[in-house]
Amino acid sequence: MSKVLELSLESNYIWMSIDEWSMTPADTAIMLNGTPAEQAATAAKYENKPRLIACSNAEIDSANTTLATVYTGSVDNVVCANFTIQDDNSISQGIVNYNDGGLEHKQIRL
Amino acid sequence: MATDLSGLYISQSFQNLVQRSASGAFNILATATGTEFIPVSASYAISASYALTTELQVSASYAVSASYALSSSQADNSNTSISASHALNADVAVSASYALSSSQADNSNTSISASHALNSDSALTSISSSHALNADVAISSSHAVNSDSAISSSHALNADNAISSSYAVTASYAENSVGGTQLAGENYIYVSGSGTEAQNATELTAALAVGVAATPNGLAKSTTNRFTVVVAPGNYDFTAADLDWNTDYVDFRSLTGEKDVYFSNATYTFQLNTNDAKITGIDTGTKAFKVATNLANVIVNNCKGGNDSFGTNQTISGTYIDCEAGGTSFAGNGGTASGTFINCKSPAQNLCFGALFGASTGVFENCSVDLNFSGYSTAQGSYTRCSGLNEFLRNGLGVSGRAYNCIAVGNNNYGQAGPTNILGQVLNCITGTAGTGVTADLFPGVGAGGKLVNSIDGLFTVNNIVR
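Residue numbers (our numbering), protein chains in the order written: chain A, 1 to 110; chain B, 111 to 577.
What follows is the structure in C-alpha cells.
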C-alpha cells in the first residue's frame, strides 16, 4: 500500500506521511452551506487534527536519497515536497516545490 | 402375386398396384405394367432416390419440403437437415455444404440468411444471419465474432474486416460503422460517439483497452511515444462503474478540445488513476471528476466536474488548466494542493485549493472561488491574479506564501479572519471594498519577515509594510 510523504515547513523539514482524512459528509455540508456559527463549531472539531504522521527511517532515507537526485538547493527553500513511496520503499512519483526568491514557486516533478 | 389389370379402371384397381412380398408385407408400388412408382407427398421415405414433400426422409438424394432430412444430397424447405449437401429454407442445418435461409447452420460451407451460423466457411455465405461465430465471411449479421470479414453487422468483435457495423472491437479494417473504432493509427484511436449513450460508453471503454494494449510504432509507450484516444462530442453513459483511466502515456482528448464529452450516468463518472496522462474536454456534470493521490505528471485541461472534483482529500500535484468544479474541489477537503493550477475556478462555490485543514503549497495563477480560497489552511503557495469574494486565504500567508495582484473584495481575506499576521508576501493586492452586504475590510497585521506592499484595503488606504 503506497503512501504520500511530505517534506515542508509544516513537517519541520522531516519527511512525514500524509494522513488523507477529510471531514464527514455531514460536516462538509455544514462547511459548505451552514451558518457562520455552525461552520465555526464544525471547524473547531478538526482544527487540531494532525495532517502529518511519522514515518519509518527507511522511508525517510529513501525519500532523502530521491530528493538529492532531483534538487540540489537549500532545503530551507523547499515549500513542499510530496513523494509517493511504495511498500518496498521505492519512490514512484512526486513533486518538489521550492522558492529561491522568485514571484512564483518553482516545481520539479519526478 | 401379380394380377392382370387389363380392362379395369384405375380407381377400381388402385389397391392392386401394391406389390406385396411373399409374406404379404408392404413392399413397393408399381404401375400396371410393373414399372416402379415414384411417390408424391409420402409421410415417410427411406433411401428414396427422389422425394417431394415428404415429412421424414433419410439418405434421400433429392428432397423438397421435407420435414426431416438426414444425409440427403439436396434438401429444400426441410425443417431439419443433417449433413445435406444442399439445404434450402431448412430450419436447422448441420454440416450442410450449402444452406439458404436456414434458421440455424453449424459447420456449413455456405449459408445465406441463416439466423445462426457457426464455423461456416463462407457465409456469403453468411448473409443476413442474426449470429455468426468464426465465419470466414459475414454479411449483415447482427452479431459477428472472430469473423474474417463482416459487412453491416450490428456487433463485430475481432473481425479482420468490418464495414458498416454498429459496434466493432479490434477490427483490422472498419468502414462506415456506427460506434465503431474505424479511425485509428499507430498513436491514436477515434471514438465516434454515434450510438446510444450506453453504446458510446462501451465504445470508449473498448478504445481505452486498445490504448492500454498498444505499442505505438512497435515500441513500448513512453513520454515521447504516447497513445491518444480522441473522443467525439456526446453523452457517454457508464452504467456499471467509473471509467478508470489507469495507464501511463494513454491520453484522452475531446475531438473539439471543448468540454463536450459528457459522462451522463447519474452515478458513475471519470476516474484519473495514472501518473502520466493528458486529459482534455471531459464534463462529469454534478458528479466528481475523480483524481487519485499525487499524480504529479498528469495534465488536465479544460475539464469540468461537480463537488469534490480534481481531488478532495488527496494530494493534487499535477497540472490543471482551465478546469471548473464545485465545492471542496482541487484538494478542497483536507487535501494537499501542491500542483499547478491555471485559470481554474469554482463559480459561486466554497472551499477549494487545499482548504479545510489541508495544505495549499502549489502554484496558482488566475484561479478563483467565491468563498474560502485555501480557507482553513495556511497559504504557503504562490498566488498570482487569483480572486475570491470572502475568506480568500482566510487563515493567512505562511512564510512561503506569495500573493501578487490578487483581488478579494469581501471580508476576512489574507488572514483577517483570525486575524493571523502575514508572514509571507502580499503585493499589489486588494481587499474588502465596501458594497452591498460587504463592509470595508482591512488587511491583518504583518509578522516578522512579512511584506504587505502597495495593497489597497476597503478604506482605500495603500498599505506598505515590510518587516
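Even for Gly, the Cβ is constructed at its ideal location relative to N, Cα and C.
Please name the residue or residues paired with residue i in a DSSP beta bridge.
i                    : result
lysine 400(B)        : Gln381(B)
glutamine 107(A)     : Asn97(A)
leucine 562(B)       : Val536(B) and Ile575(B)
arginine 363(B)      : Val340(B) and Thr390(B)
asparagine 48(A)     : DSSP lists no partner for asparagine 48(A).
phenylalanine 467(B) : Answer by DSSP bridge pairing: none, since phenylalanine 467(B) is not bridged.
asparagine 345(B)    : Tyr372(B)
lysine 414(B)        : Asp393(B) and Glu434(B)
phenylalanine 451(B) : Tyr430(B) and Phe474(B)
methionine 16(A)     : Glu6(A) and Ala54(A)
asparagine 335(B)    : Ser332(B)
tryptophan 355(B)    : Leu382(B)
valine 320(B)        : In the DSSP output, where bridge partners are listed per residue, valine 320(B) has none listed.
serine 456(B)        : Val479(B)
isoleucine 409(B)    : Lys388(B) and Thr429(B)
threonine 446(B)     : Thr425(B) and Ala469(B)
glycine 295(B)       : Tyr298(B)
Counting only Cβ pairs nearer than 7 angstroms, list the residues of chain A close to residue i.
i                 : result
valine 548(B)     : None at all; the shortest Cβ gap to chain A is about 14 angstroms.
serine 302(B)     : Per Cβ cutoff of 7 angstroms: no residues; serine 302(B) is ~34 angstroms from chain A at best.
asparagine 385(B) : Gln93
Taking 9 angstroms as the threshold (C-beta atoms), are residue j and residue i in contact?
i                    : j                    : result
alanine 489(B)       : glycine 437(B)       : no
serine 492(B)        : glycine 472(B)       : yes
glycine 542(B)       : valine 563(B)        : no
threonine 390(B)     : phenylalanine 373(B) : no
glycine 445(B)       : glycine 468(B)       : yes
asparagine 521(B)    : threonine 549(B)     : yes
glutamate 475(B)     : threonine 450(B)     : yes
glycine 560(B)       : asparagine 531(B)    : yes
arginine 495(B)      : cysteine 516(B)      : yes
asparagine 537(B)    : alanine 513(B)       : As written in the sequence, residue 537(B) is leucine, which differs from the asparagine given in the question. Taking 9 angstroms as the Cβ cut-off, leucine 537(B) and alanine 513(B) qualify as a contacting pair.
asparagine 82(A)     : leucine 5(A)         : yes
isoleucine 53(A)     : aspartate 87(A)      : no
serine 459(B)        : aspartate 480(B)     : A small correction: the amino acid at residue 459(B) is glutamine; serine does not occupy that position in the sequence shown. Yes; because the gap between Cβ atoms is below 9 angstroms, this pair is in contact.
cysteine 413(B)      : lysine 369(B)        : yes
tyrosine 46(A)       : methionine 16(A)     : no
aspartate 358(B)     : asparagine 385(B)    : yes
glycine 321(B)       : valine 371(B)        : no
glycine 619(B)       : alanine 447(B)       : A question about residue 619(B) goes unanswered here, because the residues of chain B that appear run from 111 up to 577.
valine 70(A)         : leucine 7(A)         : no
phenylalanine 440(B) : glycine 464(B)       : yes
alanine 77(B)        : valine 301(B)        : The shown model of chain B, from 111 to 577, leaves out residue 77(B), and the question about it has no answer.
isoleucine 108(A)    : isoleucine 91(A)     : no
glutamate 296(B)     : asparagine 345(B)    : no
alanine 342(B)       : serine 304(B)        : yes
valine 79(A)         : asparagine 57(A)     : no
Taking C-beta pairs closer than 8 angstroms, name the residues in chain B that residue i reaches, listed in chain order.
i                : result
asparagine 12(A) : Near asparagine 12(A) there are no residues of chain B at all, since even the closest Cβ is about 13 angstroms away, more than 8 angstroms.
isoleucine 95(A) : Asn404, Ala406, Ser427, Ser448 and Gly449
Taking C-beta pairs closer than 7 angstroms, name the residues in chain B that residue i reaches, listed in chain order.
i                : result
isoleucine 18(A) : Thr425 and Thr446
leucine 111(A)   : Residue 111(A) lies beyond the stretch modelled for chain A, which goes from 1 to 110, so this question has no answer here.
asparagine 82(A) : Asn404, Thr425, Ser427, Thr446 and Ser448
alanine 43(A)    : Tyr486
valine 4(A)      : Thr403, Asn404 and Thr425
At 9 angstroms on the CB atoms, spell out the chain B contacts of residue i, in chain order.
i               : result
serine 49(A)    : Looking at the sequence provided, one finds lysine at residue 49(A) rather than serine. Correct list: Gly444 and Phe467.
threonine 24(A) : In chain order: nothing, as chain B lies at least about 10 angstroms away.
tyrosine 46(A)  : Gly444, Leu466, Phe467 and Tyr486
Give the interface partners of residue i over in chain A, defined as CB-CB distance under 8 angstroms, in chain order.
i                : result
arginine 512(B)  : Asn99, Leu103, Glu104 and His105
serine 492(B)    : Asn99, Leu103, Glu104 and His105
valine 77(B)     : Not covered by the structure: residue 77(B). The range shown for chain B is 111 to 577.
threonine 422(B) : Ser22
Taking residue i as the query, report the chain A residues whose CB atoms sit under 9 angstroms from its CB, ordered along the chain.
i                : result
glycine 464(B)   : In chain order: nothing, as chain A lies at least about 10 angstroms away.
threonine 438(B) : Ser22, Met23, Thr28, Met31 and Leu32
glutamine 461(B) : Correcting the residue identity first, residue 461(B) is leucine in this sequence and not glutamine. By Cβ distance, chain A contributes Thr28, Met31 and Leu32.
glycine 472(B)   : Val79, Cys80, Ile95, Asn97, His105 and Gln107
Measuring from the CB of residue i, is there a heavy atom of the ligand GTP at a distance below 8 angstroms?
i              : result
leucine 533(B) : With respect to the ligand GTP, the structure shown offers nothing to examine, as it has no ligands at all.
Quiz item: Within the chosen definition, does the stretch 390 to 408 of chain B reach the stretch 418 to 425 of chain B through at least 3 CB pairs nearer than 8 angstroms?
Solution: yes
Quiz item: Can we say the stretch 329 to 336 of chain B touches the stretch 305 to 312 of chain B, given the rule of at least three CB pairs closer than 8 angstroms?
Solution: no
Quiz item: Are three or more beta carbon pairs between the stretch 350 to 358 of chain B and the stretch 375 to 390 of chain B nearer than 8 angstroms?
Solution: yes
Self-check item: the stretch 58 to 78 of chain A contacting the stretch 31 to 39 of chain A, beta-carbon criterion three pairs below 8 angstroms
Solution: no
Practice problem: Any chance you could list the beta strand (DSSP E) runs of at least 3 consecutive residues sitting entirely within the stretch 458 to 532 of chain B, in chain order? | Solution: 473 to 475, 478 to 483, 492 to 494 and 512 to 514
Quiz item: Going along the chain, which unbroken runs of the beta strand (DSSP E) with 3 or more residues stay wholly within the stretch 61 to 96 of chain A?
Solution: 78 to 85
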